[in-house]
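Colleague: Supplied in structure tokens, the structure appears directly below.
2 protein chains.
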Amino acid sequence: MTAYQTLESKFKRLAGIDGALSVLHWDSATMMPDGGAETRAEQLATLAAIRHECLVDPSIPELAAKAVDEVDIADHWRRANVREMLRQWRHANAVPPELVERRSRANSACEMAWRSARSRSDFAAVAPLLTDVVAVAIDVAAIKAQALGCTPYDALLDSYDPDLRSAEVDRIFADLASFLPGFLDRVLAKQGREPAGVLPPGPFPVEAQRALADRLIDALGFDRRHGRLDSSHHPFTGGVPADVRITTRYDVANFIRSLMAVIHETGHALYEMGLPVAWRDQPAGGSRGMTLHESQSLLMEMHACRSSEFLGYLAPQACAVFGGKGPTWEPTNLRRVYLKVERGLIRVDADEVTYPLHVILRYDLERALLDGSLKVVDLPGAWREGMKRLVGIAPPDDKDGCMQDIHWYGGDFGYFPTYTLGALAAAQLFAAAKEADPTIPSAIGRGDFAPLVSWLRANVHGVASRLSTQEILVAATKEPIGTEAFKRHITARYLDG
Amino acid sequence: MTAYQTLESKFKRLAGIDGALSVLHWDSATMMPDGGAETRAEQLATLAAIRHECLVDPSIPELAAKAVDEVDIADHWRRANVREMLRQWRHANAVPPELVERRSRANSACEMAWRSARSRSDFAAVAPLLTDVVAVAIDVAAIKAQALGCTPYDALLDSYDPDLRSAEVDRIFADLASFLPGFLDRVLAKQGREPAGVLPPGPFPVEAQRALADRLIDALGFDRRHGRLDSSHHPFTGGVPADVRITTRYDVANFIRSLMAVIHETGHALYEMGLPVAWRDQPAGGSRGMTLHESQSLLMEMHACRSSEFLGYLAPQACAVFGGKGPTWEPTNLRRVYLKVERGLIRVDADEVTYPLHVILRYDLERALLDGSLKVVDLPGAWREGMKRLVGIAPPDDKDGCMQDIHWYGGDFGYFPTYTLGALAAAQLFAAAKEADPTIPSAIGRGDFAPLVSWLRANVHGVASRLSTQEILVAATKEPIGTEAFKRHITARYLDG
Chain A
0 MTAYQTLESK FKRLAGIDGA LSVLHWDSAT MMPDGGAETR AEQLATLAAI
50 RHECLVDPSI PELAAKAVDE VDIADHWRRA NVREMLRQWR HANAVPPELV
100 ERRSRANSAC EMAWRSARSR SDFAAVAPLL TDVVAVAIDV AAIKAQALGC
150 TPYDALLDSY DPDLRSAEVD RIFADLASFL PGFLDRVLAK QGREPAGVLP
200 PGPFPVEAQR ALADRLIDAL GFDRRHGRLD SSHHPFTGGV PADVRITTRY
250 DVANFIRSLM AVIHETGHAL YEMGLPVAWR DQPAGGSRGM TLHESQSLLM
300 EMHACRSSEF LGYLAPQACA VFGGKGPTWE PTNLRRVYLK VERGLIRVDA
350 DEVTYPLHVI LRYDLERALL DGSLKVVDLP GAWREGMKRL VGIAPPDDKD
400 GCMQDIHWYG GDFGYFPTYT LGALAAAQLF AAAKEADPTI PSAIGRGDFA
450 PLVSWLRANV HGVASRLSTQ EILVAATKEP IGTEAFKRHI TARYLDG
Chain B
0 MTAYQTLESK FKRLAGIDGA LSVLHWDSAT MMPDGGAETR AEQLATLAAI
50 RHECLVDPSI PELAAKAVDE VDIADHWRRA NVREMLRQWR HANAVPPELV
100 ERRSRANSAC EMAWRSARSR SDFAAVAPLL TDVVAVAIDV AAIKAQALGC
150 TPYDALLDSY DPDLRSAEVD RIFADLASFL PGFLDRVLAK QGREPAGVLP
200 PGPFPVEAQR ALADRLIDAL GFDRRHGRLD SSHHPFTGGV PADVRITTRY
250 DVANFIRSLM AVIHETGHAL YEMGLPVAWR DQPAGGSRGM TLHESQSLLM
300 EMHACRSSEF LGYLAPQACA VFGGKGPTWE PTNLRRVYLK VERGLIRVDA
350 DEVTYPLHVI LRYDLERALL DGSLKVVDLP GAWREGMKRL VGIAPPDDKD
400 GCMQDIHWYG GDFGYFPTYT LGALAAAQLF AAAKEADPTI PSAIGRGDFA
450 PLVSWLRANV HGVASRLSTQ EILVAATKEP IGTEAFKRHI TARYLDG
């Protein structure tokens, strides 16, 4: 075996373990009875430990050095594969076992405490544990920064979105923070002058919602031979590219929320399903990072499936499946419901205009927590101040304030920015897709997503991790990630539309 | 860490991998879309290889020798644990990696070919592959025999049922083979003089069958906080003791078959659920072997739930759930349907009187295949001859003859005898349980299985692998495994009843 082949076999084993972990996580959230949780945690911890042991294999860097010499300079896939192997090795190897263990313990303890403290809005109960989590994250960031040759915060960003750096995030978020508040005022003023959208009256039986969801995921191109749709407490996409598991949650009072979750997760699923089959068990064949992944879900949810064309296709089907009648079922009204903008407290309920402001707040605060300029005890106050300044309202309590998201309490710092970068990339990609194939909107109006998905396959999904996020965006949209397409999109939809 | 503690931590890791494998197998049979099969096979192969590497750890025998000195002589659980660790190590370590690989390849190829050849009744298509499978099994048996110090066939038996030896099986099967054919004639003559049972007319909607199944597994004591019931092509019990996954298959024309499968699998599940919690992740805490496992399913299916008492409890409930009316729903008729005996071709459809004859045939033939006295090409003829001699009828084709069971085609030799040994153990255990607690039958008549399950917990489930199968039976029933209780049971039920 050549060095390259040896590496491939090592990473094929990792892919087997990763796939098993992914199915076990899916099962935990969808199928597992409560009493199985403790044993499942042991299974997951066992596989995660084995995975880590395989990944920190000390022979990998030397094999990679040899493999680079073996592989033809024009063999872009194999070269990218070695690069991604080394990236994974560096991230795993940077953190010594004691720190991995310390992080795992701190994050689990804090996340568990958060689950019960959140509903009581009891920040004081969780603050000491969050302080530990932040302290560990600072240590991890510092040690990874050394290994990767970047700043500590960038080392965290890099683990969610390879090569993403905060200098770029700063520039983009500064632009949005100066543009959005004024824009928001104008949108709210305009929507205030128009009739409010009225949610069609329910109830919407789960069976009927499920039937509509099935029809839509088929239309979007979700391949049921390679995936399934179930329900879980929080919608997510799991499984492996050959067997993608998406979930939603049904609310009998509001079919739109569940439907949009299905469409969002289908966007993620189509990315996974479209990854190149020949590279499925290798690092180069994986999805590129959280920014591009979120761009694929938001492109479907916010662009393709809130368009007038799509509503024209959806409305009669929803009407039929729920036996809906009357003016609330008109596409014009549904569009108003869909595109309602408001100053809200909760990120996951936010519309696409205010969403980036929620993210910018979190980005600013997590950077301050990690550079030590913000203490955990001061987080609730800083949150309220930031919400007031950016979104224009402040939460009455911490439950709907700094305790609303699981991320920090589970140790995830550097993740939040990718939501908004994903929204920007989605706007760029959808605009480029329509420019390349002007039939896309009218096809969507007939429930035919094939032209859109085919463009995404060629320009995003099929590239996998052969190129960087920026290279993929430049090749597909002719520019690096930026705010222009997003601003044009929300201006057209919320002011000119 | 002491040597004993080191061993415990090694086997805890194995338990984590085993649990993951079990959930992945369950998912393959119940949830996985077809297109996920290839990737799933890779995941399973990866975990199986990692499992094997962990188990053949060369430090285990020396650690075990030290551990035996460390552990108190009266500490029966820990001593049993070391014994079972060594047993697992010996089985795994006996077979060199090349042979493991050869076996895996031969078995997979043959099983796959069997799946398509069976429906065409095309034995010729699968014979060369089965010849390979037998050749590999002979090699494995020989090499294991050396390691375990027993005969080759006994080495195979031992992997399904620790300490079981063919000398004992020979004795028991000779007894049954001489008793059953004459007994069968008498039962058929008696049933011929009585009115035939008539299956209540369907259809039986799946939803209603599912509702009845849910009610019954609750009555039997299946703990839903630690398990779930789904459907699959073949009923099975999977998962782990903290999260037991049972399945059934629904036939809208016949609710009894599905119901009996549910009860059978619940018997298996109760065994798993009743294993001692403190020993769940250690070899001593596992179920004892296939004989005792099958005894638990058959005790529920054949003894507890074909009793007159149970039918008195079941009939009105089944009536209500299916809206059944008329004489076919009377317990007397249902009992005749339940207890119908006939000379059939198919093992899995056989009643409890003829079932052992099907097993004896397979036992004789697999021993002959493995000692070389029967060639694979001569199997179909030997099968027809054996069926004629033992059961009294011969199959018109190989589909319903020597191709009906997956076992040999997947490389399982030494498994079949445990079905009938399980039936014998079930008869002994149920008789002993009723003797110890005479309220058991009347409680079952009220749908109260607690007295029965409580006796099984104390005498079988809770013992796990601390004792051998024979020790467990002697302690619980005052005698080693034998045919007397079974003969008494079928005589009382089919001739005197």
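So the sequences go chain by chain: A and B. In terms of numbering that gives the first Met the number 0, the first sequence opens at residue 0 and continues consecutively. In terms of numbering that gives the first Met the number 0, the second sequence opens at residue 0 and continues consecutively. Ideal placement from N, C-alpha and C gives every residue a C-beta, glycine not left out. Computed from a predicted model, the values in this text were never measured in an experiment.
Would the beta-carbon of V390(B) fall within 9 Å of that of T419(B)?
Modeller: Position 391 of the second sequence, counted from the start, is the residue given in the question as residue 390(B). Position 420 of the second sequence, counted from the start, is the residue given in the question as residue 419(B). Going by C-beta atoms, V390(B) is not nearer than 9 Å to T419(B).
Colleague: Leaving out the 5 sequence neighbours to the left and right, which residues in its chain are closer than 7 Å to L62(B) when beta-carbon positions are compared?
Modeller: For the purposes of this step, residue 62(B) is taken as the residue at position 63 of the second sequence. Closer than 7 Å at Cβ, skipping near neighbours: A2, T5 and L6.
Colleague: Taking Cβ-Cβ distances below 9 Å as the criterion, which residues of the segment 119 to 135 of chain B are in contact with chain A?
Modeller: Of all residues in the segment 119 to 135 of chain B, none has a C-beta nearer than 9 Å to a C-beta of chain A.
Colleague: Please decide whether R222(A) counts as near chain B, where near means a Cβ-Cβ distance under 9 Å.
Modeller: The residue given as residue 222(A) occupies position 223 in the first sequence. Note that residue 222(A) is Asp in the sequence shown here, rather than Arg. With 9 Å as the cut-off, D222(A) counts as an interface residue toward chain B.
Colleague: For G385(A), collect the residues of the same chain with a Cβ closer than 6 Å to its Cβ; drop the 5 residues on either side in sequence, then sort them by chain order.
Modeller: The residue given as residue 385(A) occupies position 386 in the first sequence. For G385(A), where only same-chain residues beyond five positions count, the Cβ hits under 6 Å are L360.
Colleague: If you measure between the beta carbons of E308(A) and A422(A), is that distance less than 9 Å?
Modeller: Locating residue 308(A) in the first sequence gives position 309, where the first residue counts as 1. Locating residue 422(A) in the first sequence gives position 423, where the first residue counts as 1. No.
Colleague: Tell me whether the segment 209 to 228 of chain A and the segment 264 to 276 of chain A touch, counting them as touching only if at least three CB pairs, one residue from each stretch, are closer than 8 Å.
Modeller: yes
Colleague: Would you mind sorting Q42(B) into buried or exposed? The rule is 16 or more other CB atoms within 10 Å of its CB.
Modeller: Here the question's residue 42(B) lines up with position 43 in the second sequence. Burial call: buried.
Colleague: Using only the alpha-carbon positions, how far apart do L344(A) and G322(A) sit?
Modeller: Taking the first sequence and counting its residues from 1, the one referred to as residue 344(A) is at position 345. Taking the first sequence and counting its residues from 1, the one referred to as residue 322(A) is at position 323. Roughly 34 Å separates the two Cα atoms.
Colleague: Residues of chain B with CB under 7 Å from Q281(A), in chain order?
Modeller: Working through the first sequence from its first residue, we reach residue 281(A) at position 282. Using a Cβ-Cβ cut-off of 7 Å, Q281(A) is close to nothing in chain B; its nearest Cβ partner there is about 12 Å away.
Colleague: Are G409(B) and P379(B) close, meaning C-beta to C-beta below 9 Å?
Modeller: Within the second sequence, numbered from 1, the residue matching residue 409(B) stands at position 410. Within the second sequence, numbered from 1, the residue matching residue 379(B) stands at position 380. No, they are not a contact pair.
Colleague: Under 8 Å: do the segment 76 to 95 of chain B and the segment 131 to 147 of chain B share three or more Cβ pairs, one atom per stretch?
Modeller: yes
Colleague: Taking the Cβ atom as the reference point for each residue, do H357(A) and A349(A) lie within a distance shorter than 9 Å?
Modeller: One-based indexing of the first sequence puts residue 357(A) at position 358. One-based indexing of the first sequence puts residue 349(A) at position 350. Taking 9 Å as the Cβ cut-off, H357(A) and A349(A) qualify as a contacting pair.
Colleague: Excluding five sequence neighbours on each side, which residues of the same chain lie with their C-beta closer than 7 Å to the C-beta of R214(A)?
Modeller: Translated into positions along the first sequence, residue 214(A) becomes position 215. Same-chain partners within the cutoff: Q316.
Colleague: With a threshold of 9 Å between beta carbons, is E41(B) in contact with chain A?
Modeller: Residue mapping note: residue 41(B) aligns to position 42 of the second sequence, counting from 1. Yes, contact with chain A.
Colleague: How would you label T438(A), buried or exposed, when you count the other beta carbons within 10 angstroms and need 16 or more for buried?
Modeller: Residue numbering aside, residue 438(A) sits at position 439 when the first sequence is read from its first letter. Answer is exposed; the Cβ neighbour count stays below 16.
Colleague: Listed in chain order, which residues of the segment 204 to 228 of chain A have Cβ atoms closer than 8 Å to some Cβ of chain B?
Modeller: D222, R223, R224, H225, G226 and R227
Colleague: Assign G201(B) to buried or exposed, taking buried as 16 or more other Cβ atoms, counted over all protein chains shown, within 10 Å of its Cβ.
Modeller: On the second sequence, position 202 is the one that residue 201(B) refers to. The residue is exposed, with fewer than 16 neighbouring Cβ atoms inside 10 Å.
Colleague: I'd like to know if G410(B) contacts chain A, where contact means its C-beta is closer than 9 Å to some C-beta of that chain.
Modeller: In the second sequence, counting from the first residue as 1, residue 410(B) sits at position 411. Taking 9 Å as the CB threshold, G410(B) stays off the interface with chain A.
Colleague: When the distance is taken between beta carbons, is R248(B) closer than 9 Å to S566(B)?
Modeller: Since the first residue shown for chain B is 0 and the last is 496, residue 566(B) is missing from the structure and cannot be characterised.
Colleague: With a cut-off of 9 Å, does the C-beta of P57(B) fall near any C-beta of chain A?
Modeller: Indexing the second sequence from 1 puts residue 57(B) at position 58. It does not: the Cβ of P57(B) has no partner Cβ on chain A nearer than 9 Å.
Colleague: Would a check of beta-carbon distances place E37(B) closer than 9 Å to chain A?
Modeller: To locate residue 37(B), count along the second sequence from 1; it is residue 38. By this cut-off, E37(B) is an interface position.
Colleague: Can you pull the chain A residues whose beta carbon is under 7 Å from the beta carbon of R12(B), in chain order?
Modeller: By 1-based counting over the second sequence, the position of residue 12(B) is 13. Ordered by position in chain A, the residues that pass the 7 Å Cβ test against R12(B) are T45.
Colleague: State yes or no: is the C-beta of H302(A) within less than 9 Å of the C-beta of A426(A)?
Modeller: In the first sequence, counting from the first residue as 1, residue 302(A) sits at position 303. In the first sequence, counting from the first residue as 1, residue 426(A) sits at position 427. Yes, Cβ-Cβ distance for H302(A) and A426(A) is below 9 Å.
Colleague: From the DSSP output, in three-state form, read off G266(B) for me.
Modeller: Counted from its first residue, the second sequence places residue 266(B) at position 267. Of the three classes helix, strand and coil, the one that applies to G266(B) here is helix, per DSSP.
Colleague: Checking contacts by CB at 9 Å: is L389(A) closer than that to chain B?
Modeller: Position 390 of the first sequence, counted from the first residue, corresponds to residue 389(A). With 9 Å as the cut-off, L389(A) does not count as an interface residue toward chain B.
Colleague: Work out the CA separation of Q403(A) and A381(A) for me, nearest whole Å.
Modeller: Residue numbering aside, residue 381(A) sits at position 382 when the first sequence is read from its first letter. Residue numbering aside, residue 403(A) sits at position 404 when the first sequence is read from its first letter. Going by the C-alpha atoms only, they are around 15 Å apart.
Colleague: Whose C-alpha, out of S372(A), K339(A) and C318(A), is nearest the C-alpha of E329(A)?
Modeller: Your numbering for residue 329(A) matches position 330 in the first sequence. Nearest option by C-alpha distance: C318(A).
Colleague: Measuring straight from C-alpha to C-alpha, what distance separates D26(A) and E206(A)?
Modeller: Start at 1 with the first residue of the first sequence, and residue 26(A) comes out as number 27. Start at 1 with the first residue of the first sequence, and residue 206(A) comes out as number 207. Roughly 22 Å between the two C-alpha positions.
Colleague: Please list, in chain order, all residues of the same chain as D138(B) whose beta carbon is under 7 Å from its beta carbon, the five residues on each side excluded.
Modeller: Sequence index remark: in the second sequence, residue 138(B) carries index 139 (1-based). Shown here for D138(B): same chain residues with a beta carbon closer than 7 Å to its own, the five before and five after excluded, namely L98 in chain order.
Colleague: Does A277(A) get closer than 9 Å to chain B when you measure Cβ to Cβ?
Modeller: The residue given as residue 277(A) occupies position 278 in the first sequence. By this cut-off, A277(A) is not an interface position.
Colleague: Run down chain D in chain order and give the residues with a C-beta less than 7 Å from the C-beta of I16(A).
Modeller: Absence of chain D from the displayed structure is noted, the protein chains being A and B.
Colleague: In the DSSP assignment, find the unbroken beta strand (DSSP E) run with L228(B) in it and report its ends.
Modeller: For the purposes of this step, residue 228(B) is taken as the residue at position 229 of the second sequence. Start and end: G226 to S230.
Colleague: Assuming G266(B) and L298(B) are in contact, meaning their beta carbons sit under 8 Å apart, how far apart are those beta carbons, in whole angstroms?
Modeller: If you number the second sequence from 1, residue 266(B) lands on position 267. If you number the second sequence from 1, residue 298(B) lands on position 299. About 6 Å; that satisfies the 8 Å criterion.
Colleague: What are the residues in the segment 331 to 360 of chain B lying within 8 Å of chain A by C-beta distance?
Modeller: none
Colleague: Look up G288(A) in the DSSP assignment and give the residues it is bridged to.
Modeller: Residue 288(A) sits at position 289 when you count from the first residue of the first sequence. In the DSSP output, where bridge partners are listed per residue, G288(A) has none listed.
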